[in-house]
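>
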Amino acid sequence: MTTATVPSATQGDVASKPLTTNPHLTAWVEQMARMCQPDRIVWCDGSEAERKRLTEHAVATGTLLPLDQKKLPGCYLHRSNPNDVARVEHLTFICTPTKDEAGPSNNWMAPEDAYKKLSELYAGSMKGRTMYVVPYVMGPLESPFSKVGVELTDSVYVALNMRIMTRMGQGALDRLGPESDDFNKGLHCTGDVNPERRFICHFPQDNAIWSFGSGYGGNALLGKKCLALRIASYLGRDEGWLAEHMLILGVESPDGEMTYVAAAFPSQCGKTNFAMMIPPKRFKGWKVWTVGDDIAWLRVGDDGRLYAVNPEAGYFGVAPGTSSSSNPTALKSIQRDTLFTNVAMTSDGDVWWEGKDGDIPAELTDWQGRPWSRGSMEKAAHPNSRFTAPMKNNPYLSKFADDPQGVPISAIIFGGRRADTIPLVLQSFNWTHGVYFGATMGSETTAAATGKVGVVRRDPFAMLPFLGYNMADYFKHWLSMQAKIQYPPKIFLVNWFRKDRNGKFVWPGFGENMRVLKWIVDRARLRVGGRETPFGWVPRPGDLDLSGLDIPTERVEEATHIDLDEWRRELEGAGEFFTTLGANVPKELQMQRELLLARIESIRTSGPQYHPPTTT
Ligand code: OXD
Ligand code: MN
């Protein structure tokens, strides 16, 4: 191991001296290096020169393939190991002193067992490799709410991705300063990419993450799911704030009024598309500005409102399905300085994926580097192929995306993929009822995921795979936030995915969701009507702006309809789910569920003349 500034003969990487005198950081780097035994240590400063150098190195070693630099300047393709293409929830552990602290929804390992097991895997694992020291900040550099992390990784791909996804480099070391030990210690080693030896372990009490055996995004880019959600949710509980799997957007009306909204949807339910929505023609003059597309850190401001910061600096978006109709803003954001992972490549160095615009090319190189021809039964791009793009590429990036205080949130939206039961939009009666929406939200599984179609997988607050502590305690924390927020946001549940009897979606979705968003904004600002149902408020006829939308009234009624039998099943399902979370599910949520169930019974016994309210 050397720290002298000489180029390595084997890899072309240049070992470098520590870029800080912070003794906590340098001692930890040395300790980890003693265990992993890299050939050299490279401290990342985040400079442009460094980007160039690391990129050249990645190209020379085959980690990145250059794309057509005229058409896609600064863009490269990475192909991961085919056994390493997604987050691995079953290999993700929360390592708290007791199992109960992690709770029944998480995999748990005792910290000493996890450290021991992984130390054995790490021992000598970076021999012949480089250890990159990647200092980064989650959140704007000057924000008092941001968190510093340092990731040690043997992957140049990870270092380059972290450069896009976080505020990476010298700024993070400056923010940490010469003495503080308040930083997340992340250790990542690609190992031999063997699923049998793959672990993503979180130590909330130590503010540490140990990841071994995967080079894929969520498992390897430790700032994102690992720090900004799992560890941050734990810190948020102790420090009185919330780390959430939410997009943040600003809606601007034609007269310049801005309203900010945060929304949680389970993975792959169109969060990035919603965060970058282009309003339809009818909404001329309206604009949707993106603050964030995946994670929100929510805190109460001095003025008693809830403020949201996006801790990330880039988008790690799913490529397939991204097109000029689904998300033109994302397409514009990935024209330069973007890393693509597991997409297909055209013969002239462009990228391609299923659902992209234009004709399907006759010949491609698929995501595994194999020749592919139109008509092949196999997908050219992996369904979970990704783009990593700097958020500053987004033409609709909010000018407050980098604001140290964040943006004030007027509405919180929860949603999922539900073929029935959940109407297009429903407003909660109050905070507790809204927390109930979040706690019981879910999405139907697809055949690809489980073999069973239409099974509701409960995914509270879209945080099931991302929570760093006990789910029941998390519900309690959400309920307790009400006392801290003088002006709480209004809470809504949405469902773009309701289907009719023939299995067709009843609502067109995408840009047309602007109509629902406008109702939400107007409700949050107390200036539009709604109708009370036993389960929340829905829009009355005329409340939802449908002008210019070619959709029969009956379709809209179907989309907003409340069916008592479906709701009874829903409430029973939620009860079963609560049982799986143990005895600590807060009484408020248990009683909320019972209240709704009792309402159904009283409606039923009120006689056949009773008609549950609909929008008509
Ligand atoms: C993501 C996810 O990659 O939620 O953002 O899986
Ligand atoms: Mn996500």
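Residue 569 is where the sequence shown starts when you use the working numbering, and the numbers rise one by one after that. We put the CB at the ideal spot given by N, CA and C, even for glycine.
1. Say yes only if the C-beta of Ser835 is nearer than 8 Å to one or more non-hydrogen atoms of the ligand MN, and no if none qualify.
2. Could you give the C-beta distance for Ala930 and Ser941, rounded to a whole number, given that I count them as a contact under 8 Å?
3. Just curious, the alpha helix (DSSP H) that Met677 is in, first and last residue?
4. Can we count Gly786 as close to the ligand PLP, meaning its CB is less than 8 Å from some heavy atom?
5. Going by the CB atoms, is the gap between Trp865 and Ala881 shorter than 9 Å?
6. One question on the structure: do Asn729 and Phe884 come within less than 9 Å of each other, judged by their Cβ atoms?
7. Tell me which residues share the same chain as Ala1166 and place their Cβ nearer than 8 Å to its Cβ, disregarding the 5 neighbours each side in the sequence.
8. Return the first residue and the last residue of the beta strand (DSSP E) that Thr827 is part of.
9. Anyone know if the C-beta pair for Val716 and Val702 falls short of 9 Å?
10. Determine the direct distance from the alpha carbon of Thr698 to that of Thr827, and round the result to whole angstroms.
11. Between Cys612 and Tyr725, how many whole angstroms is the CB-CB distance? I'm expecting something under 8 Å.
12. Using the C-alpha atoms, what's the distance from Ile816 back to Ser1170?
13. Looking only at its chain, what residues have a beta carbon closer than 7 Å to the beta carbon of Glu1138, apart from the 5 residues adjacent to it on each side?
14. How many angstroms separate the CA atom of Asn651 from the CA atom of Pro763?
15. Quick one: what's Gly885 bridged to in DSSP?
16. How about Leu755 and Ser723: do their beta carbons lie closer than 9 Å?
17. Nearest-angstrom Cα distance between Cys769 and Ala776?
18. Is DSSP giving Val582 helix, strand or coil here?
19. Looking only at its own chain, which residues have a Cβ that is under 7 Å from the Cβ of Val656, when we skip the five neighbours before and after it?
20. Here's the rule: buried if 16 or more other CB atoms are within 10 angstroms of the residue's CB, otherwise exposed. What is Ala949?
21. If you draw a straight line from the C-alpha of Pro672 to the C-alpha of Gly1143, how long is it?
22. When you compare only the Cα positions, how much space is there between Phe751 and Ala796?
23. Lys753: which of Leu1061, Asn1081, Glu598, Met1082 sits nearest, CA to CA?
24. For my contact list, Val610 and Asn910 are in at a C-beta cut-off of 8 Å; report their separation, rounded to the angstrom.
25. Can you give the Cα-Cα distance for Arg805 and Glu946, rounded to whole angstroms?
26. On a CA-only basis, which of Phe1029, Glu747, Leu640 is nearest Ser901? Give me that one, please.
27. Judging by CA-CA distance, which residue of Leu1132, Asp1041, Glu1162 is the nearest neighbour of Ala1186?
28. Would you tell me roughly how many angstroms separate the C-alpha atoms of Ile662 and Pro1033, rounded to the nearest one?
29. For Ser978, report the span of its beta strand (DSSP E) as first-last.
30. How long is the line joining the alpha carbons of Asn998 and Ile1059, rounded to whole angstroms?
31. In the segment 1059 to 1134, which residue ranges form an unbroken beta strand (DSSP E) of at least 3 residues, counting only runs that do not cross its ends?
32. Excluding the 5 residues flanking Val1096 on each side, which residues of the same chain have their C-beta closer than 7 Å to its C-beta?
33. Taking just the CA atoms, how far does Leu1047 sit from Met1159?
Once the coordinates are examined:
1. yes
2. 7 Å
3. Taken as a continuous stretch (DSSP letters only), Met677 belongs to no alpha helix (DSSP H), as it is neither H nor E.
4. The ligand PLP is not part of the structure shown, which contains the ligand OXD and the ligand MN as its ligands.
5. no
6. yes
7. none
8. 826 to 832
9. no
10. 47 Å
11. Not a contact, Cβ separation roughly 13 Å.
12. The straight-line gap from Cα to Cα measures roughly 39 Å.
13. Thr989
14. Going from the Cα of Asn651 to the Cα of Pro763 covers about 7 Å.
15. Phe955
16. no
17. 9 Å
18. strand
19. Arg766, Ile768, Ser782, Asn787
20. buried
21. Straight-line Cα distance between these residues: approximately 16 Å.
22. 13 Å
23. Glu598
24. Contact between Val610 and Asn910 is ruled out by a C-beta separation of about 26 Å, above the 8 Å threshold.
25. When rounded, the distance between both Cα atoms is 45 Å.
26. Leu640
27. What is shown of the chain runs 569 to 1184, which leaves residue 1186 out entirely.
28. 11 Å
29. 975 to 983
30. Their Cα atoms are separated by approximately 8 Å.
31. 1099 to 1101, 1104 to 1106
32. Trp1087, Asp1090, Asp1111
33. Distance between the alpha carbons of Met1159 and Leu1047: 13 Å.
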